[in-house]
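Participant:
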Amino acid sequence: MAPPAAVLVELALRINGVEHALEVDTRVSLLDLLRERLGPTGTKKGCDHGQCGACTVLIDGRRANACLALAVAHDGADVVTVEGLAERGELHELQRAFIEHDAFQCGFCTPGQLCSAVGLLREARDEGIELDDATIRERMNGNLCRCGAYANIVPAIREVAG
92 MAPPAAVLVE
102 LALRINGVEH
112 ALEVDTRVSL
122 LDLLRERLGP
132 TGTKKGCDHG
142 QCGACTVLID
152 GRRANACLAL
162 AVAHDGADVV
172 TVEGLAERGE
182 LHELQRAFIE
192 HDAFQCGFCT
202 PGQLCSAVGL
212 LREARDEGIE
222 LDDATIRERM
232 NGNLCRCGAY
242 ANIVPAIREV
252 AG
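Per my numbering, the very first residue in the sequence shown carries number 92; after that it's consecutive.
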């Protein structure tokens, strides 16, 4: 039996502040759309099962695994990848803190870690949560680092959290 034919739909997304009008297969993930059609490759394909967090992006300000997000489910959404964190050529404060704290080794997980940390800071502010080390570890537990840079990631996030 032949595989089912692609069903294409029109979709509008804002990626890192740039509007995109696209025609996409209803089966394509946001991760594959980003990497294969739109160009930003900072978002990494790790496990492709939503378990490692390498593909974490911000969708309308909330953390999400792009490998699990069907692109068509986010028509009209504002998506921010690691490339969109810097503004006007200036690194985001978390990017600077990751550098200062040497919070990465191989760097593969870093884009997802950064996007997740940006979302975490927003959640903490919105929910009135004080971020101590234990809370940061708990709320970042969906982002895995095979190099074990956690000892430096947590202080980088804590510094920015104030």
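We put the beta carbon where it would ideally sit given N, CA and C, even for glycine.
Tell me, to the nearest whole angstrom, how far the beta carbon of V148 is from that of A162; I am working on the premise that it is less than 8 angstroms.
Facilitator: As a working note, residue 148 is residue 57 in the sequence shown. As a working note, residue 162 is residue 71 in the sequence shown. The pair is not a contact, with the Cβ atoms about 12 angstroms apart (cut-off 8 angstroms).
Participant: What residue from I248, G210, E181, C236 has the CA that sits closest to H192's CA?
Facilitator: In the sequence shown, the residue the question calls residue 192 occupies position 101. Measuring from the Cα of H192, the nearest candidate turns out to be I248.
Participant: Grab me the residues of G108's own chain with a C-beta within less than 7 angstroms of its C-beta, minus the 5 sequence neighbours each way, in chain order.
Facilitator: As a working mapping, residue 108 is identified with position 17 in the sequence shown. Only G175 meet the Cβ criterion.
Participant: At which residue ranges does the stretch 140-192 contain complete alpha helix (DSSP H) runs of 4 or more residues, listed in the order of the chain?
Facilitator: Runs of the alpha helix (DSSP H) inside the stretch 140-192: 184-191.
Participant: Between the stretch 93-104 and the stretch 112-121, can you find at least three pairs of beta-carbon atoms closer than 8 angstroms?
Facilitator: Output reads yes: the stretch 93-104 touches the stretch 112-121.
Participant: State the Cα-Cα distance for the pair R179 and V251, rounded to the nearest angstrom.
Facilitator: Along the sequence shown, read from residue 1 onward, the residue named residue 179 stands at position 88. Along the sequence shown, read from residue 1 onward, the residue named residue 251 stands at position 160. Answer to the nearest angstrom: the Cα atoms are 20 angstroms apart.
Participant: Are the stretch 137-153 and the stretch 205-225 in contact at 8 angstroms, needing three or more beta carbon pairs?
Facilitator: Counting Cβ pairs under 8 angstroms, three or more are found: they touch.
Participant: What are the residues that DSSP puts in a beta bridge with L99?
Facilitator: As a position in the sequence shown, residue 99 is number 8, starting the count at 1. L99 pairs with D116.
Participant: In three-state terms, what does DSSP make of L121?
Facilitator: Start at 1 with the first residue of the sequence shown, and residue 121 comes out as number 30. If DSSP states are grouped into helix, strand and coil, L121 belongs with the helices.
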